[in-house]
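Everything on this sheet refers to the single structure shown next.
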Amino acid sequence: RVIFMRLGIPKVDEQAIAEIDRSKGSKMADLHFYTADTLGRLDRHPEAEQEFTEELKWFPQNSRARGGLARLYQSSGRGNEAGQMLTEMVQISPTPDTFALAARLWTMFGNREQAAAVRAEARRALTEAAASSHRAARR
Numbered sequence: 004r005v006i007f008m009r010l011g012i013p014k015v016d017e018q019a020i021a022e023i024d025r026s027k028g029s030k031m032a033d034l035h036f037y038t039a040d041t042l043g044r045l046d047r048h049p050e051a052e053q054e055f056t057e058e059l060k061w062f063p064q065n066s067r068a069r070g071g072l073a074r075l076y077q078s079s080g081r082g083n084e085a086g087q088m089l090t091e092m093v094q095i096s097p098t099p100d101t102f103a104l105a106a107r108l109w110t111m112f113g114n115r116e117q118a119a120a121v122r123a124e125a126r127r128a129l130t131e132a133a134a135s136s137h138r139a140a141r142r
């Protein structure tokens, strides 16, 4: 409820509150991501950055949070930091979805060359992973 009150949202989904209560203090994936996303949409960027950072502290593999932070950095003129976020994103979680997200974001940022490089890296990494899996299955 505190988060919702902090956001200025008077009505709270009781089911969401019950889920938070059941967590008994354990970290819930995406909680800070959704808070950050909401704050960003409200143009409360410094607070959104703090929430994205908190999400990544507990869930560094959260590609959506890393992508959201990259978008925030890019929109505030911090292009180098945005690029670093995308680089880290594909290193930490090299999945097809993560590569696709990184390529989309590079395209959004106007860097089609880097988007193409990410797609090429995805093809290479995923081809290697498939070949490795195939070799392991034959053993």
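For the sequence shown, this note's numbering assigns the number 4 to the initial residue and increments by one for each residue that follows. Backbone N, C-alpha and C define an ideal beta-carbon position, used for all residues, glycine too.
*Would you call the CB atoms of ALA68 and GLU52 closer than 9 Å?*
no
*Could you spell out the range, first to last residue, of the alpha helix (DSSP H) harbouring ARG107?*
99-111
*asked:* Along the chain, where does the alpha helix (DSSP H) containing ARG81 start, and where does it finish?
replied: Segment: none, ARG81 is in no alpha helix (DSSP H) and carries neither H nor E.
*From ALA73 to ALA134, what distance separates their C-alpha atoms?*
32 Å
_Quick check on the burial criterion: 16 or more other C-beta atoms within 10 angstroms. Buried or exposed for ALA106?_
buried
*If you follow the alpha helix (DSSP H) that LYS60 is part of, which residue opens it and which one closes it?*
48-61
*Candidates PRO49, LEU42, PHE55, ARG44, of which the one nearest ASP33 by Cα*: PHE55
*Within 10 angstroms of the Cβ of GLN64, are there 16 or more other Cβ atoms? Answer buried if so, exposed if not.*
exposed
*Measuring CA to CA, which of GLU131, GLY86, ALA132 is closest to GLU116?*
GLY86
*asked:* Using CA atoms only, rank isn't needed, just tell me which of TRP61, PHE62, SER79 is closest to ARG47.
replied: SER79
*asked:* Taking the beta carbon of GLY113 as the centre, do at least 16 other beta carbons fall within 10 Å, making it buried, or is it exposed?
replied: exposed
*Short check: CB of SER66 to CB of THR101, under 9 Å?*
yes
*Between SER96 and the rest of its own chain, which residues show a CB-CB distance below 7 Å, the 5 nearest in sequence each way excluded?*
GLN64, SER66
*Terminal residues of the alpha helix (DSSP H) in which ASP40 lies*: 34-44
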